[in-house]
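Step one of this worksheet: look at the structure below.
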Amino acid sequence: MRIAVTADINITPTDIINMCESEFAPRQLIQVLAKNGATPIVLPPVDHPTPELIAAMLDGVDGLVIPGGPDVSPRFQGEDPEPGLGPTTPLRDEFEMALIPQAMASGIPLLGICRGHQAINIALGGSVYQDLGDDFGKPVLQHSQKTAGNLPIHYVSIDEDSALGHTLGHRAFVNSRHHQAVHQVADQLHVVARAADGVIEALENDDASIQTVQWHPENLWPDDQGQEQIFTDFLKRVAEK
Numbered sequence: 045m046r047i048a049v050t051a052d053i054n055i056t057p058t059d060i061i062n063m064c065e066s067e068f069a070p071r072q073l074i075q076v077l078a079k080n081g082a083t084p085i086v087l088p089p090v091d092h093p094t095p096e097l098i099a100a101m102l103d104g105v106d107g108l109v110i111p112g113g114p115d116v117s118p119r120f121q122g123e124d125p126e127p128g129l130g131p132t133t134p135l136r137d138e139f140e141m142a143l144i145p146q147a148m149a150s151g152i153p154l155l156g157i158c159r160g161h162q163a164i165n166i167a168l169g170g171s172v173y174q175d176l177g178d179d180f181g182k183p184v185l186q187h188s189q190k191t192a193g194n195l196p197i198h199y200v201s202i203d204e205d206s207a208l209g210h211t212l213g214h215r216a217f218v219n220s221r222h223h224q225a226v227h228q229v230a231d232q233l234h235v236v237a238r239a240a241d242g243v244i245e246a247l248e249n250d251d252a253s254i255q256t257v258q259w260h261p262e263n264l265w266p267d268d269q270g271q272e273q274i275f276t277d278f279l280k281r282v283a284e285k
């Protein structure tokens, strides 16, 4: 089973020429996929992603994971940048906005994590709050946690009838490293989890061939069997497809 993971891009200044804008994938994400029998394939963002090139990159891919990373440019939801918007990566934005619809059209199951949760929603016609502190309209939890990123910090309530609910039950303790969040939900998706302040924490489509979470289960799974089960159940859905 071949599971593609879209690469992030290093935007940290460095004097090492081959690390400038180098592509990478989260190590713990690669590990959990391999541990559960998948062959991880990292897809680097490419300039000018034509449908033909995207089709070639997806050829032989059984499932697709869109992981975390920088903010998605607001131009993909028809907005100008607000003061609270963080760094964006135009190359990755263009690539994923082309990749996600074509993967869906090919019947490839998707799993979105943090930025991936937001990017999938935007690619399908939804939107995000550019910055929770500016836009959400009421006090929010500490969604951009100050403690170590592999530690859970707040609870989410989950629809028990959803695929995610079957995996985790009605409540989960999760980590949180984001300042944006889903605002308008794409028509093909529905909300299956929220934080106590109302922030949307997970989305699915009707058959859960698309599932997205706002937190980072790839950092929690070594100490939390339920978080590993998110990946195990995703791979089961991929196998069924």
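In the numbering used here, the protein residues as written are 45 to 285.
Note that the Cβ used here is the ideal one computed from N, Cα and C, for glycine as well.
Because the structure is a prediction, the values reported are computed rather than measured.
Quick one: Cα of residue i to Cα of residue j, how far?
i	j	result
GLY177	LYS190	16 Å
PHE217	ASN263	13 Å
ALA283	ASP106	8 Å
THR58	GLU65	9 Å
ARG46	GLN224	30 Å
VAL235	ALA246	6 Å
SER188	SER220	6 Å
ASP205	ARG159	25 Å
LEU77	ILE61	30 Å
ARG281	PHE120	29 Å
HIS227	ASP179	10 Å
LEU185	ALA237	15 Å
PHE270	ALA252	Per the sequence shown, the amino acid found at residue 270 is Gly instead of Phe. Taking the straight line from one Cα to the other gives about 17 Å.
If you follow the beta strand (DSSP E) that residue i is in, where does it begin and where does it stop?
i	result
ALA239	234 to 239
GLY107	107 to 110
PRO95	Unbroken run through PRO95 is the alpha helix (DSSP H), 95 to 102; no beta strand (DSSP E).
Flag this pair as yes or no: are the beta carbons of residue i and residue j separated by less than 8 Å?
i	j	result
HIS260	GLY81	no
PHE139	PRO183	no
ILE202	LEU195	no
ILE274	VAL257	yes
ALA147	GLY156	no
ASN165	LEU108	no
ASP286	VAL116	Since the first residue of the chain shown is 45 and the last is 285, residue 286 is not available in this structure.
Would you mind reading off the limits of the alpha helix (DSSP H) that contains residue i?
i	result
GLN255	Segment 254 to 257 is the beta strand (DSSP E) holding GLN255; no alpha helix (DSSP H) there.
PRO139	Contrary to the premise, residue 139 reads as Phe rather than Pro in this sequence. Where PHE139 is concerned, the enclosing alpha helix (DSSP H) stretches over 134 to 149.
How would you label residue i, buried or exposed, when you count the other beta carbons within 10 angstroms and need 16 or more for buried?
i	result
GLN174	buried
GLY130	exposed
GLU248	buried
GLU272	buried
ALA69	buried
ALA240	exposed
Could you pull the DSSP bridge partners for residue i from this structure?
i	result
HIS161	Looking at the DSSP assignment, HIS161 forms no beta bridge with any residue, so it has no partner.
ARG119	ARG119 pairs with nothing; no bridge assigned.
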